[in-house]
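Q: Sequential numbering from 100 applies to the sequence shown in my numbering. Can you read through this structure? Questions will come right after.
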Amino acid sequence: MKQLLFTLVFVLFATNSHAASGSYLQQFPHHQLFVTLLPEQHALKVEDQVTVPRGSPRVINFTLHSGLNPTSIDAEIKLIGKADEPFITQYSVELEQGRDTFMISYEGKIFHPLQQEIRETRSFEITPGIISEEGVVLNEESGWYPRLELPQSKGKLNFTLDVEVPRHWRAISQGSQREAKHGGVTWQERTPQNGIHLIAGYFKQYDLSKDGVQAVVYLRTEDMAMARSYLDAAVRYINMYQKLIGPYPYAKFALVENFWESGFGMPSFTLLGSQVIRLPFIINSSYPHEILHNWWGNSVYVDYRKGNWSEGLTAYLADHLIQEQKGVGANYRRATLQKYANFVSTGRDFPLTKFTSRNSASSEAVGYGKAMMMFHMLRRQVEDDRYTLALQKFYSIYQFTEASYADLESLFSQASGKNFKPFFAQWTQRTGAPQLRLVSAQQEDDGDGYELIVKIEQIQPDAAFELEVPIAVTLAGDSNAFTTVISMKDKKAEAHIPLKAKPLRVDVDPEYDLFRRLDDGEMPAAFSQVMGAEALTVVLPSKASETLRKQYLNLAQAWQRELSHTTQVKWDDEIDQLPTEGAVWLLGWENKFQGLFQSSLNPTVAQSNRLGIVLEGKQIMRGTDALALASQIGKTPVAWLAVADAEMLPALAKKLPHYAKYSYTAFNGEEVEVRTPIYTPPPKQPKPPGFPSPRRRSSGATFEELVTRSIEINNIAKGVWPVTNSPLVMSVRQLDGRVKNVGQGKLPERSALAR
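Written out as structure tokens, the structure is:
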């Protein structure tokens, strides 16, 4: 009966949703924009014909960039004053009675140079909006189009965008594209959008239409092989998600190469930096993540007042799913839990209902990592077909409307027939995480077989969490482990497990299915432990060459400027021993402490020799390669970084944050050509009053390629040290008091949620 009721409710919602889709143009403001971009002047000229929904107020406030000067031929515009943002101005427009359409014209400069934004483990370049000879990036925060303040529309709009650009340039936005009669390009999106994006520059365009999917790649330099890889991947992932969730909501998906390093996801396209798109793992990690955001976040919108659920769900169905398909989902979950343990202290924690966006490693560990684990734990309590059904209903009902964790809870409860309200309350409204300890594992003989008595407890200072704790028992004479679940409602739990064979070993949560704070013994040394430390000491090699000393010092000083934690820099001849507070980075093969560091490594996986170091059987050459390793000396996280050539160091420093979850990584270097398109503006001409008409095509500009050479590094090794002393693993004490140490039995294979 519950399922019948749920189906009926879904049909009603779906009917209403489809009925609404035909009237989006009437429900939300529509912008008909005619835009001319003038990159050599950092400027644009716009005519915007705005149509507001019937019944809208006669006086409507709107905001626009302060460098633009709006006028109207059919409505009265008044200046109100500065808005909250420093470069945004607020206006009002008054419409005549019975009139819902008006024209706004404006022109001027938008040029905010790239600024460095410092976060915990790396720095980024950002801008609220830029028009330059290198390219154009404008979004809803740039103030490049009037943002109407209509409460009934909740900031949503739809648009048609007609763009004129310099010769050889291309303009990109959301939605579908068609060539304009005057030789420019027109983009149209009829579904409700949170804003309008406009990207422009010199691009090589590659297209693939396959299986009903339109994929596009825009590159700043020609690279057919890379473009083909991304086109094929887009089609593959979109088809996978259409089967899992529902129809792709946009006319195309495009990869656009940015002129600075970025990782932005917009409706129907992603804007990635030149180095980012060439990282070998991006096509199977960040790329499907951005594609999936077109379902979660860019069509089912987030009600940010109640918490951003989309990042966690997207991480689970993209980053985690890709690893699950490879059979290493447990490794991904362990790395996620380790990131939480390394970056989230009590003072940095917050409930998921307070997460809006990532602004630090700690906020990422909660908003992405904890939420991802919550969706995994939810799946472990629901059959996969019910789980998938709930996702499909969620997408169908809330497409192009805002949704919250409460809406997800309601649909998962209905789809499964279970009450998940307490589950969602615990994981979205509480801070903190459970921490588990295996107290004892004792064998008893019940006459007909064996009985295993397992005692576990939660040792975190906070109140108990309600948990479904996975248990794996390794049995005598059986290569397969026996698995079960212990329900834990209090801080202590005791389970009596009947078995048909003698129990030899117990593993608690062996596949990291629970969101919890890992014990130090469960965590292999990783770069994230050093990156997430509250205090950092960088120790430089005094006996390195002058060139290397200079480069190592530059890196250390950059970390001092950019990292949020306290960083001090020391030469190795200034200290007699390593600090015991915080974490330590050792730099250079010549560092006097590198011998101490290498002695801390497990000799079964890392061995020094005259050529360099062998990592799990692979020789890393001191004379040609670069490496970074993480370890622990005493209780101090220590990492060591060394390069053969000083020119490799900047590239290694940029790539290292992407390897935060690993214990070691190594690279070799090669010299490559870098081709950069150079835009030359047209010759200066006497300028008539005003800007040229937006329907005239700019001409006279030329493009050349600047060819330079640089060192590019390629990954040749990466991995995680084995864990050997987890407190959640215990050999079972036998009836005669003996304990036999054995390996873990084989765990049941799991199917990926989608392929």
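Glycine is no exception: its CB is placed at the ideal position from the N, C-alpha and C atoms.
Which residue from GLN287, GLU501 and THR735 puts its Cα closest to that of ASP619?
A: The residue labelled residue 619 in the question sits at position 520 within the sequence shown. Nearest of GLN287, GLU501 and THR735 to ASP619, Cα basis: THR735.
Q: Once the 5 residues before and after LEU598 are set aside, which same chain residues still bring their CB inside 8 Å of it?
A: If you number the sequence shown from 1, residue 598 lands on position 499. Result list for LEU598: GLY548, TYR549, GLU550, LEU551, VAL572, LEU574 and PHE581, in chain order.
Q: Using the C-alpha atoms, what's the distance from GLN140 back to GLY121?
A: Position 22 of the sequence shown holds residue 121. Position 41 of the sequence shown holds residue 140. Because the pLDDT of GLY121 is 49, which lies under 50, any placement of that residue in the model is unreliable, and the number read from its coordinates should be weighed accordingly. Their Cα atoms are separated by approximately 41 Å.
Q: Can you name, in chain order, every residue of its own chain whose Cβ lies under 7 Å from the Cβ of ASP671, other than the five neighbours on each side?
A: Here residue 671 is taken as the residue at index 572 of the sequence shown, counted from 1. Taken in chain order, the residues that qualify are VAL638, LEU639, PRO640, SER641, ASN690, LYS691 and PHE692.
Q: Can you give me the Cβ contacts of ALA729 inside the same chain, cut-off strictly under 6 Å, excluding the 5 residues immediately before and after it?
A: Within the sequence shown, the letter at position 630 stands for residue 729. If we look at ALA729 and ignore the five residues flanking it on each side, its Cβ neighbours are ALA624, ALA625, PHE626, ALA738 and SER762.
Q: Could you check where the alpha helix (DSSP H) with GLY694 kicks off and where it finishes?
A: Here residue 694 is taken as the residue at index 595 of the sequence shown, counted from 1. Residues 693 to 698.
Q: Please state the DSSP three-state secondary structure of GLN251.
A: Working through the sequence shown from its first residue, we reach residue 251 at position 152. Correct three-state label for GLN251: helix.
Q: Between the Cα of TYR651 and those of PRO609, MET630, MET747 and ILE570, spot the shortest distance and give me the residue it belongs to.
A: Here residue 651 is taken as the residue at index 552 of the sequence shown, counted from 1. Checking every option, the nearest Cα to that of TYR651 belongs to MET747.
Q: Along the alpha helix (DSSP H) that carries PHE522, what are the first and last residues, could you check?
A: Here residue 522 is taken as the residue at index 423 of the sequence shown, counted from 1. 520 to 528 is the extent of the alpha helix (DSSP H) around PHE522.
Q: Please report the Cβ distance between ILE298 and HIS130, rounded to the nearest whole angstrom; I am assuming they are in contact, meaning their Cβ atoms lie under 8 Å.
A: Numbered from its first residue, the sequence shown carries residue 298 at position 199. Numbered from its first residue, the sequence shown carries residue 130 at position 31. ILE298 to HIS130, Cβ: 17 Å. No contact.
Q: Just mark ILE225 as buried or exposed, buried being the case when its beta carbon has 16 or more other beta carbons within 10 Å.
A: Your numbering for residue 225 matches position 126 in the sequence shown. So ILE225 counts as exposed.
Q: If you count every other CB in all the chains shown that lies within 10 Å of the CB of THR823, and 16 or more means buried, which is it?
A: What you label residue 823 is simply residue 724 of the sequence shown in a count that begins at 1. That one is exposed.
Q: For TYR415, tell me which candidate among TYR403, ARG404 and ARG432 has the shortest Cα-Cα distance.
A: Here residue 415 refers to the residue found at position 316 when the sequence shown is read from its first residue. TYR415 has its Cα closest to that of ARG432, out of TYR403, ARG404 and ARG432.
Q: Could you check which residue in ARG478, GLY818, VAL841 and MET829 has the C-alpha nearest to that of ASN430?
A: Position 331 of the sequence shown, counted from the first residue, corresponds to residue 430. When each option's Cα is compared against that of ASN430, the closest is GLY818.
Q: Assuming MET78 and PHE614 make a contact with CB atoms under 8 Å, what is their CB distance in whole Å?
A: Lying outside 100 to 854, the shown extent of the chain, residue 78 is not represented and no answer is given.
Q: Between the alpha carbons of GLY789 and GLY207, how many angstroms are there, rounded?
A: Stepping through the sequence shown from its first residue, residue 789 is reached at position 690. Stepping through the sequence shown from its first residue, residue 207 is reached at position 108. Its pLDDT being 47, under 50, GLY789 is placed unreliably in this model, and the coordinates cannot settle the point.
Q: Which residue or residues does DSSP assign as beta-bridge partners of GLY768?
A: Position 669 of the sequence shown, counted from the first residue, corresponds to residue 768. For GLY768, which the question treats as bridged, DSSP gives the partners ILE812.
Q: What does a CB cutoff of less than 7 Å around VAL607 pick up in its chain, not counting 5 residues either side in sequence?
A: Within the sequence shown, residue 607 is the residue found at index 508, counting from 1. Answer for VAL607: LEU535, LEU537, ILE555, VAL568, ILE570 and LEU827, listed in chain order.
Q: Which residues in the same chain have their Cβ closer than 7 Å to the Cβ of GLN304, if we skip the five residues on either side of it in sequence?
A: Within the sequence shown, residue 304 is the residue found at index 205, counting from 1. Hits under 7 Å: ARG269, VAL315 and TYR317.
Q: If you run the structure through DSSP and keep just helix, strand and coil, what is GLY364?
A: Locating residue 364 in the sequence shown gives position 265, counting from the first residue. The answer is strand: DSSP assigns GLY364 an E or B state.
Q: Taking all protein chains shown into account, decide if ASP675 is buried (16 or more other Cβ within 10 angstroms of its Cβ) or exposed.
A: Position 576 of the sequence shown holds residue 675. With fewer than 16 Cβ atoms within 10 Å of its Cβ, ASP675 is classed as exposed.
Q: Touching or not, the segment 484 to 498 and the segment 443 to 463, by the rule of three or more beta carbon pairs under 8 Å?
A: Output reads no: the segment 443 to 463 does not touch the segment 484 to 498.
Q: Cβ atoms of PHE210 and LEU132: under 8 Å apart, would you say?
A: Walking along the sequence shown from the start, residue 132 turns up at place 33. Walking along the sequence shown from the start, residue 210 turns up at place 111. Their beta carbons are not under 8 Å apart, which means LEU132 does not touch PHE210 by this criterion.
Q: Need the endpoints of the beta strand (DSSP E) that TRP670 sits in, please.
A: Here residue 670 refers to the residue found at position 571 of the sequence shown. Start and end: 665 to 670.
Q: Rounded to whole angstroms, what is the Cα-Cα separation between TRP359 and GLY406?
A: Start at 1 with the first residue of the sequence shown, and residue 359 comes out as number 260. Start at 1 with the first residue of the sequence shown, and residue 406 comes out as number 307. Taking the straight line joining both Cα atoms gives about 30 Å.
Q: Closer than 6 Å by C-beta to VAL312: which residues in its own chain qualify, once you throw out the five before and the five after it? Chain order, please.
A: The sequence position of residue 312 within the sequence shown is 213, counting from 1. Only VAL334 and ILE337 meet the Cβ criterion.
Q: In angstroms, rounded to a whole number, what distance separates the CA positions of THR646 and PRO245?
A: Here residue 646 is taken as the residue at index 547 of the sequence shown, counted from 1. Here residue 245 is taken as the residue at index 146 of the sequence shown, counted from 1. Approximately 53 Å, taken between the alpha carbons.
Q: By how many angstroms is the C-alpha of ASP261 removed from the C-alpha of SER792?
A: To locate residue 792, count along the sequence shown from 1; it is residue 693. To locate residue 261, count along the sequence shown from 1; it is residue 162. For SER792, the pLDDT reaches just 46, beneath the cut-off of 50, and the residue's location in the model is therefore unreliable, although a value from the coordinates is still provided. Roughly 13 Å between the two C-alpha positions.
Q: Go ahead and pull the three-state DSSP assignment for TRP243.
A: Working through the sequence shown from its first residue, we reach residue 243 at position 144. Looking at TRP243 - three-state DSSP - the assignment turns out to be coil, as it is neither helix nor strand.
Q: For HIS757, does the three-state DSSP call read helix, strand or coil?
A: Counting from one through the sequence shown, the residue named residue 757 turns up at place 658. Residue state, collapsed to three classes: helix.
Q: Taking buried to mean at least 16 other C-beta atoms within 10 Å of its own C-beta, is ARG796 buried or exposed?
A: Numbered from 1 along the sequence shown, position 697 holds the residue referred to as residue 796. Since pLDDT at ARG796 reaches only 44, below the 50 mark, its modelled position is unreliable, and the value read off the structure follows with that caveat. Exposed, since its Cβ has fewer than 16 Cβ neighbours within 10 Å.
Q: How many angstroms separate the CA atom of HIS388 from the CA atom of ALA417?
A: Here residue 388 refers to the residue found at position 289 when the sequence shown is read from its first residue. Here residue 417 refers to the residue found at position 318 when the sequence shown is read from its first residue. So the alpha carbons of these two residues sit roughly 5 Å apart.
Q: Write down the C-beta distance between GLU769 and GLU715 rounded to the nearest angstrom, noting that I regard them as a contact closer than 8 Å.
A: Position 670 of the sequence shown, counting from 1, holds the residue named residue 769. Position 616 of the sequence shown, counting from 1, holds the residue named residue 715. 23 Å between Cβ atoms; not a contact.
Q: Report yes if the CB atom of TYR467 is closer than 8 Å to the CB atom of GLY411, and no otherwise.
A: As a working mapping, residue 467 is identified with position 368 in the sequence shown. As a working mapping, residue 411 is identified with position 312 in the sequence shown. Contact flag set, yes.
Q: Three or more beta-carbon pairs under 8 Å between the segment 391 to 401 and the segment 364 to 383, yes or no?
A: Cβ pair count under 8 Å is three or more, so yes.
Q: Excluding the five sequence neighbours on either side, which residues of its own chain have a C-beta within less than 6 Å of the C-beta of ILE159, listed in chain order?
A: Residue mapping note: residue 159 aligns to position 60 of the sequence shown, counting from 1. VAL192 and LEU247.
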